[in-house]
Every structure is written in C-alpha cells, then in structure tokens.
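In terms of the working numbering, the sequence shown has 837 at position 61, counting the first letter as 1, and numbering is strictly consecutive. Below: one structure, written as structure tokens.
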Amino acid sequence: MANVNPYQQYRQNFIKSAGRGELTLILYDGAVRFIKQGIKSIEENKIQSAHDSIVRAQEIISHLNETLNTDYELSGSLTLLYDYINRRLIEANIKKDGDILGEALDFISQLRDTWKEALKLSKAPMASGQ
777 MANVNPYQQY RQNFIKSAGR GELTLILYDG AVRFIKQGIK SIEENKIQSA
827 HDSIVRAQEI ISHLNETLNT DYELSGSLTL LYDYINRRLI EANIKKDGDI
877 LGEALDFISQ LRDTWKEALK LSKAPMASGQ
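Dropping the structure here:
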C-alpha cells in the first residue's frame, strides 16, 4: 500500500471540487510561483532549474490562452497579452534574464490580483433593493 501525502490528497480534492474561476486562479498562482522560482534559479546560477521553471510558467500561460472563452470581447486582448508574456518568457529563458522574468511576473501578478478580486465580487451577496 502506497503512502499518501495528506497535503497532496487535500490539494487533489480541492482542485477536483474547484469551479472554473478558482481553477483559473490556481493557474495564475502557479505561473507566479514558477516565474519566482525561475528568477531565484537565475540568481543562483542554476541554469537547468531556471529553464524548467520558466517552461512550466509558459505551459500555464499557453493553457490559459488556449482555454479562453472567445464569446467575450476581452478575450482578444487577453490573447495578445498572453502571447506577449509567453514571448517574454521565451526570451528570458534564452538569455536567462531575471529582469525580463520580473516584467512577466508583474503582468501575471496583476492578472491574478484582478481575477482574485473579480471572483470575490462575484461571490459577494448582492444588496437587496439596489
């Protein structure tokens, strides 16, 4: 019988039960985490680790782009932004440039914070009579 990591079990259950909005937030959080890991790895001159972290961030951004709901006008702008971020991640990976990663991190952090606020507002009870 295999040992089960309680944290991994919790995380898997959380992801399975999360709604689309929460899943998007999890992806943004993951992209932020991997970009930060990439920056740290570059600072520590851990080239392979930096590469791996940046590629994981790229995969997340690509997934976010591929799963956009194109029924909304905003999707076109997000596609352009995701494409730009991915190009910057590629450039950062080629050059192992933490400053470029910092730029990508700023964009993703802003998107994540905006999405988090939108989720919070969508769950807030509406005031009656207003």
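From the three backbone atoms N, C-alpha and C, an ideal C-beta is built for every residue, glycine too.
Check: From Leu912 to Ser825, what distance separates their C-alpha atoms?
Finding: Only positions 777 to 906 of the chain appear in the structure, and residue 912 is not among them; the question remains open.
Item checked: Distance, Asp847 Cα to Phe883 Cα -> Locating residue 883 in the sequence shown gives position 107, counting from the first residue. Locating residue 847 in the sequence shown gives position 71, counting from the first residue. Cα to Cα, the separation comes out at about 23 Å.
Check: Does the pairing of the region 859 to 876 with the region 892 to 903 give three or more beta-carbon distances under 8 Å?
Finding: Segments in contact, no.
Next item on the list: List the endpoints of the continuous alpha helix (DSSP H) containing Val845.
Entry: Mapped onto the sequence shown, residue 845 falls at position 69. First, the residue type needs correcting, since residue 845 is Asn and not Val in the sequence shown. Careful: Asn845 lies outside any alpha helix (DSSP H) and carries neither H nor E.
Item checked: Residue from Tyr804, Lys812 and Ile870 with nearest C-alpha to Leu840 -> Looking up residue 840 in the sequence shown gives position 64. Among Tyr804, Lys812 and Ile870, the Cα nearest to that of Leu840 is on Tyr804.
Check: Taking buried to mean at least 16 other C-beta atoms within 10 Å of its own C-beta, is Thr843 buried or exposed?
Finding: Within the sequence shown, numbered from 1, the residue matching residue 843 stands at position 67. Result: exposed.
Check: Nearest to Gln813 by CA position, among Val780, Arg863, His827 and Leu801, is which residue?
Finding: Indexing the sequence shown from 1 puts residue 813 at position 37. Nearest option by C-alpha distance: His827.
Item checked: Distance CB(Ile818)-CB(Lys872) smaller than 7 Å -> Here residue 818 refers to the residue found at position 42 when the sequence shown is read from its first residue. Here residue 872 refers to the residue found at position 96 when the sequence shown is read from its first residue. It is a contact, given that the beta carbons lie within the stated cut-off.
Margin query: Rounding to the nearest angstrom, what Cα-Cα distance links Ile830 and Leu799 in this structure?
Written below: For the purposes of this step, residue 830 is identified with residue 54 of the sequence shown, where counting begins at 1. For the purposes of this step, residue 799 is identified with residue 23 of the sequence shown, where counting begins at 1. Straight-line spacing of the CA atoms in Ile830 and Leu799 works out to 20 Å.
Item checked: 8 Å contact criterion, which Gly795 and Ile836 should meet: CB distance rounded -> One-based indexing of the sequence shown puts residue 795 at position 19. One-based indexing of the sequence shown puts residue 836 at position 60. With a Cβ gap of about 18 Å, Gly795 and Ile836 do not count as contacting.
Check: Alpha carbon to alpha carbon, what distance is there between Asn821 and Pro901?
Finding: By 1-based counting over the sequence shown, the position of residue 901 is 125. By 1-based counting over the sequence shown, the position of residue 821 is 45. Taking the straight line from one Cα to the other gives about 49 Å.
Note to self: Distance check for Phe810 and Gly874, CA to CA, integer angstroms please.
What the structure shows: Locating residue 874 in the sequence shown gives position 98, counting from the first residue. Locating residue 810 in the sequence shown gives position 34, counting from the first residue. Approximately 13 Å, taken between the alpha carbons.
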